[in-house]
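A.B. asks: Here you go, one structure.
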């Protein structure tokens, strides 16, 4: 004689303790079945991903190399640019994170050069060091830069 399934046993049993035990067994069987299904689903996902990686490995390497080359070209172009507005427009049109990062670094470089040139112009014209706010001192330094003759950058570096 075979043992009836737990749901069928639950229907025919009148003893409350026995019914409680059967319900626990049913919950345990459901939990085990759910775990098996989750494991099967996870292993299928993993296998498909692994296969996909094998198929696309060469293509992804080529894309990475192309991106590195494009970033190197962009870095070369940015070195020759000295206009903050032009760089800002380029930043707004850039889509990739790495491109935007390079452009922001170029903007910081140009601004630092402008501040350095303005500070140098202030020193050459006999300006007062570090008086007033930062914005005010930038404005005064830029004004002094326009009024004074500053040697060309190439002469300063030599």
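Numbering (UniProt numbering), first residue to last: 1 to 158.
No residue lacks a Cβ here, since even glycine has one placed at the ideal position from N, Cα and C.
Tell me whether the beta-carbon of residue 119 lies closer than 9 Å to the beta-carbon of residue 107.
C.D. replies: It is not a contact, given that the beta carbons lie outside the stated cut-off.
A.B. asks: Is it the case that the segment 55 to 73 contacts the segment 94 to 106, given that we only count it when at least three CB pairs across the two stretches are under 8 Å?
C.D. replies: With a cut-off of 8 Å, the segment 55 to 73 and the segment 94 to 106 count as touching, because enough Cβ pairs lie within range.
A.B. asks: Please report the straight-line C-alpha distance between residue 149 and residue 83, rounded to a whole angstrom.
C.D. replies: Note that residue 149 scores a pLDDT of 48, beneath 50, so its modelled location is shaky; the value from the coordinates is reported in the next line. Whole-angstrom Cα-Cα distance: 21 Å.
A.B. asks: Report all residues from its chain with a CB closer than 7 Å to the CB of residue 102; omit the five preceding and five following residues, and keep chain order.
C.D. replies: Correct list, in chain order: 71, 74, 75, 78.
A.B. asks: Below 6 Å CB to CB, which residues in the same chain sit around residue 90 once its five sequence neighbours on both sides are set aside?
C.D. replies: If we look at residue 90 and ignore the five residues flanking it on each side, its Cβ neighbours are 103.
A.B. asks: What does the alpha-carbon distance come out to for the pair residue 36 and residue 22?
C.D. replies: One C-alpha to the other measures close to 21 Å.
A.B. asks: Could you give the uninterrupted runs of the alpha helix (DSSP H) lying entirely in the segment 18 to 98, keeping only those of 4 residues or more?
C.D. replies: Whole alpha helix (DSSP H) segments, 4+ residues: 84 to 93.
A.B. asks: What three-state label does DSSP hand residue 13 in the structure shown?
C.D. replies: Residue 13: coil per DSSP, three-state reduction.
A.B. asks: Report the three-state DSSP secondary structure of residue 6 (helix, strand or coil).
C.D. replies: Looking at residue 6 - three-state DSSP - the assignment turns out to be helix.
A.B. asks: Within 10 angstroms of the Cβ of residue 155, are there 16 or more other Cβ atoms? Answer buried if so, exposed if not.
C.D. replies: Model confidence at residue 155 stands at a pLDDT of 45, short of 50, so the residue's coordinates are unreliable and nothing is read from them.
A.B. asks: At the level of alpha carbons, what is the spacing between residue 151 and residue 105?
C.D. replies: Low local confidence applies: a pLDDT of 49 at residue 151 is under 50, so the model's placement there is unreliable, and no value is given.
A.B. asks: Looking only at its chain, what residues have a beta carbon closer than 7 Å to the beta carbon of residue 94, apart from the 5 residues adjacent to it on each side?
C.D. replies: Around residue 94: 100, 103.
A.B. asks: Could you check the C-alpha separation between residue 56 and residue 85 for me, to the nearest Å?
C.D. replies: If you take the alpha carbons of residue 56 and residue 85, they lie about 40 Å apart.
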